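Accompanying notes for the structure given below.
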Amino acid sequence: MSTHQLSKLAHLVQGELVGDSDFTVSRLSSLDSATAQDISFVNGDKYLEQANCSQAGALIVTAELKDQITHCKQFIVVANPYLAFAMLTHFFEVKKNKVGIESTAKIHPSAQISETAYIGHYVVIGEDCKVGDHSYLESHVTLDDGVEIGHECFIASHVAITARAQLGNQVRVHTHTAIGGEGFGFAPYQGKWNRIAQLGSVKIGDRVRIGSNCSIDRGALDDTIIHDGVIIDNLVQIAHNVVIGENTAIAANSGIAGSTEIGKNCILAGACGVVGHIKIADNVKLTGMSMVTKSILNAGTYSSGTGLFENGQWKKTVVRIRQLADVPLTNIMKRLDHIQTQIESIESTLKMRK
Amino acid sequence: MSTHQLSKLAHLVQGELVGDSDFTVSRLSSLDSATAQDISFVNGDKYLEQANCSQAGALIVTAELKDQITHCKQFIVVANPYLAFAMLTHFFEVKKNKVGIESTAKIHPSAQISETAYIGHYVVIGEDCKVGDHSYLESHVTLDDGVEIGHECFIASHVAITARAQLGNQVRVHTHTAIGGEGFGFAPYQGKWNRIAQLGSVKIGDRVRIGSNCSIDRGALDDTIIHDGVIIDNLVQIAHNVVIGENTAIAANSGIAGSTEIGKNCILAGACGVVGHIKIADNVKLTGMSMVTKSILNAGTYSSGTGLFENGQWKKTVVRIRQLADVPLTNIMKRLDHIQTQIESIESTLKMRK
Amino acid sequence: MSTHQLSKLAHLVQGELVGDSDFTVSRLSSLDSATAQDISFVNGDKYLEQANCSQAGALIVTAELKDQITHCKQFIVVANPYLAFAMLTHFFEVKKNKVGIESTAKIHPSAQISETAYIGHYVVIGEDCKVGDHSYLESHVTLDDGVEIGHECFIASHVAITARAQLGNQVRVHTHTAIGGEGFGFAPYQGKWNRIAQLGSVKIGDRVRIGSNCSIDRGALDDTIIHDGVIIDNLVQIAHNVVIGENTAIAANSGIAGSTEIGKNCILAGACGVVGHIKIADNVKLTGMSMVTKSILNAGTYSSGTGLFENGQWKKTVVRIRQLADVPLTNIMKRLDHIQTQIESIESTLKMRK
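Just so you know, the protein sequences line up as chains A, B and C, in that order. Take the first sequence: its position 111, counted from the start at 1, is 111 in this note's numbering, and no numbers get skipped. Take the second sequence: its position 294, counted from the start at 1, is 648 in this note's numbering, and no numbers get skipped. Take the third sequence: its position 142, counted from the start at 1, is 850 in this note's numbering, and no numbers get skipped.
Here it is as structure tokens:
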């Protein structure tokens, strides 16, 4: 295992080294699993106790945190330890650095593949496709006719891209994701579903990240659009003609129905469901499992659901929820107030007659 | 880009051409993105404003709508513009029309592949499989032993079909869908899960459509059955021994647990969850994220969930929902009525004694 | 179709044969579809009517059930018919028994593949991988560098394993599942998401079963861990650094967010959502679509949601749920009690003054 000068790491994250400048570390580790050869990070006050128990040889901290840690002698002091940690993960990452085209890849002669790209085994690339510089396609990827991949993209194994989709630069797409699949469009007629052939495409901006097992459908006529900097987790459904604004984050198991537009800088936690043909403003946060059935016009945090109950209590609660429709809640308050007034009036009458 | 006589398109949709019979269009577009060379469609009154702002050279409309559109001079007049649009999408679709078997496909000698079928690169087809006329298997498809595919089917790249599943004619299955995977069947015994080998198959009727990243499990003993005309969106789970009736539509992220039977002409919106071993009647509609825990005996529309709240309001609401179990709602109404009676009785007593 | 001595089957499940010891059966079937040549099983009293209508030639029953079945003459009598059925499914299962490496598999010379393993067509195996005895890799599987697969594992077609993941023995992974994909880790900074390269791995114990289209992400620094005997259904999301205790079962469409620890012997029904960074105790059961936002400290059954409503009733109910935040439920009860006391006091005053 190779070792790295702490001073070099401090330089990488533009931090100040405190302690032995010749100190070396071999791994970036969590506080709990770090050994004396490892560097770890302290992401705020709430990790102080863990930090003081950690065996880590070096810690990334703020100046403030440093003064409260007694066990460790080597520090990299930065303003934002979590960001510094994020930066160092790239240093410690095992790089995928193959270049060239594996002999088993089937590439249409009209496709333009950069000489600095890597095309893995059993990749199939169709007519007129483009793959940019330093892009990396793992095994079994399929690019259907006319698909374009920008520079420095990472396309994991088994990803399938069709519908002449265009991906920008530095896009990362994980295993088994389908981009450009046919949207779920059918015209009902005489009790049957008549398929609407989908003619639109998918446009994906720069620095977009899409997890594994996602489905990003092509548009019906216009395109499905994912703007720059969007990050999407695993098992997410993006239906036809959805538009997702810059830097929005969508966590796993969420689904966005057709033609919905989501603003910039939104955060959708896991398993959210968003109905079709609505708009969600910029800077909206949805907590997990939120159900969105109408447009959200204002930034803010929104939620759905009942929370979790012990099962017996839940059953009782559901019975009561079923009664709600027939119980005029606001009216109850009014009746109570009215009754109180009546009683007071009676009481004063009684007092007068005493 | 090729152009098409408007008269030809009118003929295709059995519509009446109004305007210049030599007019040509090059694309089918949405109202917003259409240019003077494009044809678009007006799906009802609510799109009239958009239609009047559209640059489209020709519009598909009803006779009624036509009279309210001033900017456009060419029309195809039909009874159902949405259906006419659906029909035209097939005309404008880029067809997949390859025929034959790619050299890299691995096909067991006992398999029967129609001479008019297409078998893509790196497809693997097992013993005794059948692929019917004009069926199209994209790259990396796997058909395990005994799988049968009817005529005019489209099987997208990376689809994996096993368990001797049988697909009818004109079936479309999208990327990364798994058909015939092992059902989730285990007999608990002495604290461990004993796997139940799944012996059933999957039967899929004609004109069925299945989206990408779906899982359709084989039956435990009997088969999982998807009847003619069913349409299924992406990321849908169909567990072992589920039966889905004709022309039922299931939107993305939904899951149907084992042995449940869903009727004909049902519509399940996105992210519905249906428990196992129940029956759902014909013509049932479930709105998005519905949770179905019991059989539904009658046609109708059903729903679940609390709707969406601003997060602070939601937190307050959840506190109140937690109180519901201890608050006898219907009893409150009775008590209020009883109290009202008591007060009236007191008041009349007081009046009498005045 | 081959036939089997009933006595042999009785021996396999350690049951007592009642009836003709030379009787043979050809299939294991459900009660409804069984013919006179088939054996079926009766899983408790509630199937007695079905059993009495069944055409099955032989039935697996308890001694108690046997006395209540009149139509059938051959029985295998056991203590637990469902377990005996589970055991027999393995006898009737068509075995995958190929051995060796298909010519089209691309295997790095440094990989160690057992001579008793099977490696299917178009499998790609990277540097330093290991595949143990009798393990079976279907077509198009990819094992990235350093992945280790134990003995007697079944890895279905198109499964992709990366991040140096280690799988124990007798592990079963179904089609299109992604193991070791990059976790969804980003450090927000100046309005953008900075990718945190994921350095951890995935450790999967013995006898683990993972369904199709699942995503099991690698850890950020430490590993994602799935302990022995865990069973996971289709379309399940397991985020980075999740730990799942022994013999826990997770049904389809569920998602577990990052760093959450789930105890032993838990059961999560379908479409549950569990937030990140919490702990769930051993022996916890979650009913379908449960939303877990806090740690669960005690064994028990827990639930979420409103249940299902007829749509019109639901709309009314949601209006009332929206009012709840402004309706002090527990206060209503106190006011009612207080009012009752006031009224009683008034009534007794009136009585005294009569």
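Heads up, the beta-carbon is just placed ideally off N, CA and C, and yes, glycines get one too. Since we're looking at a predicted model, the values are computed, not measured.
CB residue i to CB residue j, shorter than 8 Å?
{"i": "residue 1019 of chain C", "j": "residue 496 of chain B", "result": "no"}
{"i": "residue 621 of chain B", "j": "residue 634 of chain B", "result": "no"}
{"i": "residue 178 of chain A", "j": "residue 200 of chain A", "result": "no"}
{"i": "residue 114 of chain A", "j": "residue 133 of chain A", "result": "yes"}
{"i": "residue 78 of chain A", "j": "residue 15 of chain A", "result": "yes"}
{"i": "residue 1048 of chain C", "j": "residue 693 of chain B", "result": "yes"}
{"i": "residue 591 of chain B", "j": "residue 560 of chain B", "result": "no"}
{"i": "residue 1033 of chain C", "j": "residue 674 of chain B", "result": "yes"}
{"i": "residue 541 of chain B", "j": "residue 790 of chain C", "result": "yes"}
{"i": "residue 48 of chain A", "j": "residue 40 of chain A", "result": "no"}
{"i": "residue 939 of chain C", "j": "residue 912 of chain C", "result": "no"}
{"i": "residue 343 of chain A", "j": "residue 701 of chain B", "result": "no"}
{"i": "residue 296 of chain B", "j": "residue 292 of chain A", "result": "Because chain B in this structure spans residues 355 to 708, residue 296 of chain B falls outside the shown range and cannot be described."}
{"i": "residue 782 of chain C", "j": "residue 728 of chain C", "result": "yes"}
In this structure, does DSSP put residue i in helix, strand or coil?
{"i": "residue 571 of chain B", "result": "strand"}
{"i": "residue 312 of chain A", "result": "helix"}
{"i": "residue 335 of chain A", "result": "helix"}
{"i": "residue 772 of chain C", "result": "helix"}
{"i": "residue 345 of chain A", "result": "helix"}
{"i": "residue 917 of chain C", "result": "strand"}
{"i": "residue 433 of chain B", "result": "coil"}
{"i": "residue 10 of chain A", "result": "helix"}
{"i": "residue 945 of chain C", "result": "strand"}
{"i": "residue 440 of chain B", "result": "helix"}
{"i": "residue 755 of chain C", "result": "helix"}
{"i": "residue 1029 of chain C", "result": "helix"}
{"i": "residue 549 of chain B", "result": "strand"}
{"i": "residue 800 of chain C", "result": "helix"}
{"i": "residue 683 of chain B", "result": "helix"}
{"i": "residue 264 of chain A", "result": "coil"}
{"i": "residue 340 of chain A", "result": "helix"}
Of the choices the options, whose alpha-carbon is the least far from that of residue i?
{"i": "residue 816 of chain C", "options": "C/977, C/806, C/833", "result": "C/833"}
{"i": "residue 195 of chain A", "options": "B/550, B/621, B/526", "result": "B/526"}
{"i": "residue 632 of chain B", "options": "B/610, B/626, B/623", "result": "B/610"}
{"i": "residue 709 of chain C", "options": "C/800, C/951, C/842", "result": "C/800"}
{"i": "residue 489 of chain B", "options": "B/498, B/521, B/676, B/482", "result": "B/521"}
{"i": "residue 1005 of chain C", "options": "A/6, A/329, A/309", "result": "A/309"}
{"i": "residue 644 of chain B", "options": "B/659, B/653, B/559, B/585", "result": "B/659"}
{"i": "residue 588 of chain B", "options": "B/437, B/460, B/626, B/429", "result": "B/626"}
{"i": "residue 499 of chain B", "options": "B/669, B/702, B/482", "result": "B/482"}
{"i": "residue 600 of chain B", "options": "A/276, A/192, A/174", "result": "A/192"}
{"i": "residue 439 of chain B", "options": "B/529, B/449, B/569, B/415", "result": "B/415"}
{"i": "residue 421 of chain B", "options": "B/396, B/442, B/436", "result": "B/396"}
{"i": "residue 950 of chain C", "options": "C/932, C/752, C/846, C/939", "result": "C/932"}
{"i": "residue 229 of chain A", "options": "A/222, A/209, A/213", "result": "A/209"}
{"i": "residue 780 of chain C", "options": "C/773, C/760, C/796, C/798", "result": "C/760"}
{"i": "residue 252 of chain A", "options": "C/1021, C/728, C/992, C/924", "result": "C/924"}
{"i": "residue 972 of chain C", "options": "C/811, C/991, C/966, C/983", "result": "C/991"}
{"i": "residue 485 of chain B", "options": "B/465, B/476, B/492", "result": "B/465"}
{"i": "residue 378 of chain B", "options": "B/372, B/366, B/537, B/361", "result": "B/361"}
{"i": "residue 149 of chain A", "options": "A/176, A/140, A/117, A/276", "result": "A/117"}
Go through its chain and collect everything with a Cβ distance to residue i's Cβ below 7 Å, but skip five positions before and after it.
{"i": "residue 744 of chain C", "result": "763, 765"}
{"i": "residue 648 of chain B", "result": "632"}
Which same chain residues, not among the five before or five after residue i, have their C-beta less than 6 Å away from its C-beta?
{"i": "residue 641 of chain B", "result": "623, 657"}
{"i": "residue 455 of chain B", "result": "473"}
{"i": "residue 888 of chain C", "result": "869, 870, 871, 873, 910, 926"}
{"i": "residue 508 of chain B", "result": "490, 526"}
{"i": "residue 735 of chain C", "result": "746"}
{"i": "residue 993 of chain C", "result": "975, 1009"}
In its own chain, which residues sit with a C-beta less than 8 Å from the C-beta of residue i, not counting the 5 before and 5 after it?
{"i": "residue 539 of chain B", "result": "549, 550, 552, 574, 594, 612"}
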